[in-house]
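*Asks:*
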Amino acid sequence: MKRYLISVTVLVFVLSFAGFSRAVEPAKNFKDPLTGMEFIFVKGGCFQMGDSFGDGGDDEKPVHEVCVDDLYMGKYEVTQAEWQKIMGNNPSNFENCDNCPVENISWNDVQEYINKLNQKTGKKYRLPTEAEWEYAARSGGKNEKYAGGNNIDSVGWYDGNSGSKTHPVGQKQPNGLGLYDMIGNVLEWVNDWNDADYYKNSPKDNPKGASSGQ
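Each number in the numbering used here corresponds to the 1-based position in the sequence shown with 6 added.
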């Protein structure tokens with residue numbers, strides 16, 4: 007799955023929430039009463055993970071079958087206002103836009119944010135794994151080139167239409183699950199370590215990524 011992005015090097019993350027009992031039929035969405043963040047229920051399943059269109063990077067090969075469990079994925083990218091509310095600061099390059107995605111944050115910054123968020127809400131939020139993110143981005147594992155279809159302009163901001171800046175979340179069309187900006191606007195952090203060889207040895211069920219890497 008090729009990910010087209012705006013030309014500015016900025017990063018953001020999407021949270022997933024898997025704290026609901028399987029004995030209870032989960033709601034189709036979830037809204038955190040403290041933060042107002044919205045989450046979409048993603049029914050688990052199996053899919054062909056990787057570059058199925060033949061124009062991706064080596065780190066997206068080989069294509070292989072992966073299965074993931076049910077999870078909740080953030081409906082939108084985490085915004086500057088949401089970050090400010092928890093962390094008390096806004097590190098974004100494109101600041102003064104409360105509803106734009108927060109960016110210019112490291113993976114460790116994200117972990118600090120999640121820890122504080124969990125303390126305040128009593129929930130167990132975390133970053134999605136790469137497999138969870140790709141499954142959700144592809145509308146539940148569908149063979150979509152872009153997250154939501156095959157027309158990038160309708161679903162994402164990238165260097166051809168963004169004006170080299172970020173945009174408020176949720177302006178483009180959502181994918182088939184109701185998730186916005188899963189391609190473009192900014193990059194998303196995932197929980198996995200980056201290891202170029204992991205794809206070749208990835209387990210089928212709920213891969214968590216390499217135990218070390220970058």
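Every residue, glycine too, gets a C-beta built ideally from N, C-alpha and C.
Note that this is a predicted model, so its numbers are computed, not measured.
Candidates Lys-130, Val-48, Lys-37: which alpha carbon is nearest Glu-140's?
*Replies:* Selected option, being the one with the closest Cα: Val-48.
*Asks:* How would you label Ser-145, buried or exposed, when you count the other beta carbons within 10 angstroms and need 16 or more for buried?
*Replies:* When all chains shown are included, Ser-145 counts as buried.
*Asks:* Whose CA, out of Glu-66, Asp-38, Lys-210, lies closest to the CA of Gly-51?
*Replies:* Nearest option by C-alpha distance: Lys-210.
*Asks:* Please report the distance separating the alpha-carbon of Leu-183 from that of Glu-44.
*Replies:* If I take the Cα positions, the gap works out to 13 Å.
*Asks:* Taking three-plus beta-carbon pairs below 8 Å as touching, is the segment 97–105 in contact with the segment 167–181?
*Replies:* Taking 8 Å as the limit for Cβ pairs, the verdict is that the segment 167–181 does touch the segment 97–105.
*Asks:* Can you tell me which of the three DSSP states Lys-206 falls into?
*Replies:* Looking at Lys-206 - three-state DSSP - the assignment turns out to be helix.
*Asks:* Less than 7 Å between CB atoms is the rule here; does Met-79 satisfy it with respect to chain D?
*Replies:* In the structure shown, chain D cannot be found, because there is only a single protein chain.
*Asks:* Name the DSSP bridge partner or partners of Pro-134?
*Replies:* Per DSSP, none; premise fails for Pro-134.
*Asks:* From Leu-40 to Asn-124, what does the alpha carbon distance come to, in whole angstroms?
*Replies:* The straight-line gap from Cα to Cα measures roughly 11 Å.
*Asks:* Our contact map puts Gly-154 next to Gln-179 with C-beta atoms below 8 Å; I'd like the distance itself, whole angstroms only.
*Replies:* The Cβ separation is near 6 Å, so the contact holds.
*Asks:* Once the 5 residues before and after Met-79 are set aside, which same chain residues still bring their CB inside 7 Å of it?
*Replies:* So the qualifying residues of the chain are Val-20, Ser-22, Phe-45, Ile-46, Val-48, Pro-134, Ala-142, Leu-185.
*Asks:* Would you report the Cα separation of Ile-92 and Val-196, rounded to the nearest angstrom?
*Replies:* Ile-92 and Val-196: Cα-Cα distance of roughly 20 Å.
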